[in-house]
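So the sequence lines, in the order shown, correspond to chains A and B. Note that full-length UniProt numbering numbers the first sequence so that position 245 is 245, with each residue one more than the last. Note that full-length UniProt numbering numbers the second sequence so that position 166 is 166, with each residue one more than the last. As structure tokens, the structure follows; a few thoughts come after it.
Number of protein chains: 2
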Amino acid sequence: MGSEFDVIKRYFDRPVHRKDVLKGIGDDGALLALPPNSELVISTDTLVCGTHFLPEIDPADLAHKAVAVNLSDLAAMGAEPAWMTLAITLPGEDPAWLERFSDGLHEICQYYGVALVGGDTTRGPLSLTVTVHGHLPQGKALLRSGARIGDWIYVTGNLGDSAAGLRCLLGQLEADDESRDYLTERHLRPRPRLLAGRALRHHASSAMDLSDGLASDLGHILKASGVGAQVELSQLPMSAVLKSVVTPEQALELALAGGEDYELLFTVPEAEKGALATALAETGINHTCIGQIVAGEAIRYQNAGEPVELTLSGYDHFKESE
Amino acid sequence: MGSEFDVIKRYFDRPVHRKDVLKGIGDDGALLALPPNSELVISTDTLVCGTHFLPEIDPADLAHKAVAVNLSDLAAMGAEPAWMTLAITLPGEDPAWLERFSDGLHEICQYYGVALVGGDTTRGPLSLTVTVHGHLPQGKALLRSGARIGDWIYVTGNLGDSAAGLRCLLGQLEADDESRDYLTERHLRPRPRLLAGRALRHHASSAMDLSDGLASDLGHILKASGVGAQVELSQLPMSAVLKSVVTPEQALELALAGGEDYELLFTVPEAEKGALATALAETGINHTCIGQIVAGEAIRYQNAGEPVELTLSGYDHFKESE
Numbered sequence: 001m002g003s004e005f006d007v008i009k010r011y012f013d014r015p016v017h018r019k020d021v022l023k024g025i026g027d028d029g030a031l032l033a034l035p036p037n038s039e040l041v042i043s044t045d046t047l048v049c050g051t052h053f054l055p056e057i058d059p060a061d062l063a064h065k066a067v068a069v070n071l072s073d074l075a076a077m078g079a080e081p082a083w084m085t086l087a088i089t090l091p092g093e094d095p096a097w098l099e100r101f102s103d104g105l106h107e108i109c110q111y112y113g114v115a116l117v118g119g120d121t122t123r124g125p126l127s128l129t130v131t132v133h134g135h136l137p138q139g140k141a142l143l144r145s146g147a148r149i150g151d152w153i154y155v156t157g158n159l160g161d162s163a164a165g166l167r168c169l170l171g172q173l174e175a176d177d178e179s180r181d182y183l184t185e186r187h188l189r190p191r192p193r194l195l196a197g198r199a200l201r202h203h204a205s206s207a208m209d210l211s212d213g214l215a216s217d218l219g220h221i222l223k224a225s226g227v228g229a230q231v232e233l234s235q236l237p238m239s240a241v242l243k244s245v246v247t248p249e250q251a252l253e254l255a256l257a258g259g260e261d262y263e264l265l266f267t268v269p270e271a272e273k274g275a276l277a278t279a280l281a282e283t284g285i286n287h288t289c290i291g292q293i294v295a296g297e298a299i300r301y302q303n304a305g306e307p308v309e310l311t312l313s314g315y316d317h318f319k320e321s322e
Numbered sequence: 001m002g003s004e005f006d007v008i009k010r011y012f013d014r015p016v017h018r019k020d021v022l023k024g025i026g027d028d029g030a031l032l033a034l035p036p037n038s039e040l041v042i043s044t045d046t047l048v049c050g051t052h053f054l055p056e057i058d059p060a061d062l063a064h065k066a067v068a069v070n071l072s073d074l075a076a077m078g079a080e081p082a083w084m085t086l087a088i089t090l091p092g093e094d095p096a097w098l099e100r101f102s103d104g105l106h107e108i109c110q111y112y113g114v115a116l117v118g119g120d121t122t123r124g125p126l127s128l129t130v131t132v133h134g135h136l137p138q139g140k141a142l143l144r145s146g147a148r149i150g151d152w153i154y155v156t157g158n159l160g161d162s163a164a165g166l167r168c169l170l171g172q173l174e175a176d177d178e179s180r181d182y183l184t185e186r187h188l189r190p191r192p193r194l195l196a197g198r199a200l201r202h203h204a205s206s207a208m209d210l211s212d213g214l215a216s217d218l219g220h221i222l223k224a225s226g227v228g229a230q231v232e233l234s235q236l237p238m239s240a241v242l243k244s245v246v247t248p249e250q251a252l253e254l255a256l257a258g259g260e261d262y263e264l265l266f267t268v269p270e271a272e273k274g275a276l277a278t279a280l281a282e283t284g285i286n287h288t289c290i291g292q293i294v295a296g297e298a299i300r301y302q303n304a305g306e307p308v309e310l311t312l313s314g315y316d317h318f319k320e321s322e
């Protein structure tokens, strides 16, 4: 393998088109300018080969996903993405792999206007850590702690597709080619809901992104806000494709606990419902009301108004069997 | 192992004492306030077990080093450290290891006033990526590109101790206990030169930190600045301990190409020499003039004024034999 400097120069150091990058790759650190009266938002995620992705993954998909899952966190805070750093550990020399990975990386960075401003390349078992940086106007961040009793609970998009896509990739789920393509695309190429996050800034009382599954993630909002929730299962948004390839019970399980949806989960006060609908309509992103914040601390599920007992847990890498 | 949330809560989520941390660990991202009229500096480094540290390393030393090498980059830009994120990949459950690691982490964070504001814990082969964030007044960053012909070249502290310490740890170098302790401490517990970096802000024309070794790192300043350098080998600062445990030739090799010194290398215009000496004297950090910037693009070595031919290369992880 070439030297570390060659790897960075050849694959990762491309022209930056953001004026707020005063110094990108090539010094001791990156030097960046925030807009006046803004706050900085930072999020970081590590993807480890074998734990978070399959060794045979297309490197371009891997690059997309590593960036997308981080941007999803920025979206959930209502932040504008700006810059990112990449720490990548590679087992050895593989120019074709690096070429495809860096092309995928620059594609998604360009699409969302994110500048790669620094990083580190090291040798070892394949893994990558992406840290994204964004900003938003002072005092406008969407936190998990703002949900209040009576607020309505919403999600963007559909739930469960990504988990079904993963099961297709693992050979655990059979589907016709078209359905399989749709579901695996939803798993491999999540779309961070940045436009929706920005639209929510003025209307939502709390927000987070769905990475572990609705049942687990909603629990974080409830805990941070000190409230409970009532969720109407018949309202959970699911794609026609998902419903066509699994049983209704399986679809529900995937929608509630499959994980890796990277949709936004948020709460909205009654008075903001109309304004929210207008703001989100402009983004073209679907959103569905799935329940309401109530007193208490747990999630109560119901189906067409009837209470339902469910035992589910979200996806947690450390809980996997060893 | 407990769930990912337990690991973060138990070992890494400690009270934060910085008012500029609006939201630390526990939301989708960290929310941070920069001072007005400042610029953000970001630096990131990955340490992989077996490549960057030995498996038997004391976890507290590892934590110190992971933070220190990043803070060293901030020092080299002249930035004030503020926040950091940690992405740690662990092979399995080891509470004693995590306890000692997190104690070491919080110790150095507290010492330098850095808040741990986010991160990710994942399962896989042991490695960690630290990303540090700092800030400095607008337009005051120390870059590698500002060295001009006639500027004097300086380093802080002594060179080569860390590399000798590594060789002690690897059993490649014999030394009496006291010398060994001193050298290994210098390797395991590098001290980021933050005070010196801040003092240099108004006087240095360029700066960087020494991680790969003087010969290699000075090359980066020369390339970025489009200049050459003359280095007087007899002036290289070396500790009495280093000189007592290796031959003069070995000491020179370690000082020039051993790596991991984490001292600052910087250039100063003639007119700023006096002010620089005053500013650095207040920090109590030694500094030594080791040469001068000249026309050209290479490093010319001399010894007591006589030209010397040297063939050295800096430390580069990707150049190691496989």
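From the three backbone atoms N, C-alpha and C, an ideal C-beta is built for every residue, glycine too.
Residue i and residue j closer than 7 Å at C-beta
| i | j | result |
| --- | --- | --- |
| Pro-192 of chain A | Leu-71 of chain A | yes |
| Leu-32 of chain B | Leu-40 of chain A | yes |
| Arg-148 of chain A | Ser-205 of chain A | yes |
| Ile-299 of chain B | Leu-233 of chain B | no |
| Gly-197 of chain B | Ala-68 of chain B | no |
| Ile-285 of chain A | Val-155 of chain A | no |
| Arg-186 of chain B | Ser-216 of chain B | no |
| Thr-122 of chain A | Thr-89 of chain A | yes |
| Phe-101 of chain A | Ala-63 of chain A | yes |
| Asp-209 of chain A | Asp-73 of chain A | yes |
| Leu-136 of chain B | Ala-79 of chain B | yes |
| Ala-277 of chain A | Ala-199 of chain A | no |
| Asp-61 of chain B | Leu-188 of chain B | yes |
Backbone CA spacing between residue i and residue j [nearest angstrom]
| i | j | result |
| --- | --- | --- |
| Leu-86 of chain B | His-52 of chain A | 18 Å |
| Cys-49 of chain B | Lys-23 of chain A | 30 Å |
| Asp-181 of chain B | Leu-170 of chain B | 14 Å |
| Leu-194 of chain B | Arg-10 of chain B | 30 Å |
| Gly-228 of chain B | Pro-237 of chain B | 21 Å |
| Lys-140 of chain B | Tyr-262 of chain A | 39 Å |
| Ile-8 of chain A | Ala-224 of chain B | 16 Å |
| Ala-240 of chain A | Ala-115 of chain A | 36 Å |
| Gly-26 of chain B | Glu-309 of chain B | 56 Å |
| Glu-107 of chain A | Val-117 of chain A | 15 Å |
| Cys-251 of chain B | Gly-146 of chain B | The identity of residue 251 of chain B in the sequence shown is Ala, whereas the question assumes Cys. So the alpha carbons of these two residues sit roughly 30 Å apart. |
| Pro-125 of chain B | Pro-125 of chain A | 7 Å |
| Ala-304 of chain A | Glu-297 of chain A | 22 Å |
| Gln-292 of chain B | Leu-47 of chain A | 45 Å |
| Gly-2 of chain B | Leu-173 of chain A | Annotation note: pLDDT 48 at Gly-2 of chain B (below 50); position unreliable, coordinate value reported separately. Cα to Cα, Gly-2 of chain B sits roughly 30 Å from Leu-173 of chain A. |
Per-residue burial, residue i [other beta carbons within 10 Å of its own, 16 or more giving buried]
| i | result |
| --- | --- |
| Phe-318 of chain A | Low confidence applies to Phe-318 of chain A: its pLDDT is 38, below 50, so where it sits in the model is not reliable enough to give any reading. |
| Ser-244 of chain A | exposed |
| Asn-37 of chain A | exposed |
| Glu-260 of chain A | buried |
| Pro-307 of chain B | exposed |
| His-17 of chain B | exposed |
| Thr-267 of chain B | buried |
| Lys-65 of chain B | buried |
| Tyr-111 of chain B | exposed |
| His-202 of chain A | exposed |
| Ala-207 of chain B | buried |
| Ala-275 of chain A | exposed |
| Leu-54 of chain A | exposed |
| Asp-120 of chain A | buried |
| Pro-15 of chain B | exposed |
| Thr-129 of chain A | buried |
| Asp-6 of chain B | exposed |
| Asp-177 of chain B | exposed |
| Gly-92 of chain B | exposed |
For residue i: DSSP bridge partner residues
| i | result |
| --- | --- |
| Ala-175 of chain A | Its beta-bridge partners do not exist; DSSP assigns none. |
| Asn-303 of chain B | B:Glu-306 |
| His-133 of chain B | B:Ile-42, B:Trp-83 |
| Arg-123 of chain B | B:Leu-90 |
Residue closest to residue i, alpha-carbon to alpha-carbon, out of the options
| i | options | result |
| --- | --- | --- |
| Met-77 of chain B | A:His-106, A:Arg-18, A:Ala-30 | A:Ala-30 |
| Pro-59 of chain B | B:Gly-146, B:Asp-73, B:Leu-98, B:Met-84 | B:Leu-98 |
| His-220 of chain B | A:Asp-28, A:Asp-20, A:Val-7 | A:Asp-28 |
| Met-84 of chain A | A:Pro-91, A:Ser-43, A:Asp-61, A:Ala-251 | A:Ser-43 |
| Glu-270 of chain A | A:Ala-257, A:Val-241, A:Asp-151, A:Gly-134 | A:Asp-151 |
| Leu-183 of chain B | B:Gln-138, B:Gly-146, B:Leu-242 | B:Leu-242 |
Contact with chain C by residue i, beta-carbon distance below 7 Å
| i | result |
| --- | --- |
| Ser-162 of chain A | Of the chains in the structure shown, none is chain C; the protein chains are A and B. |
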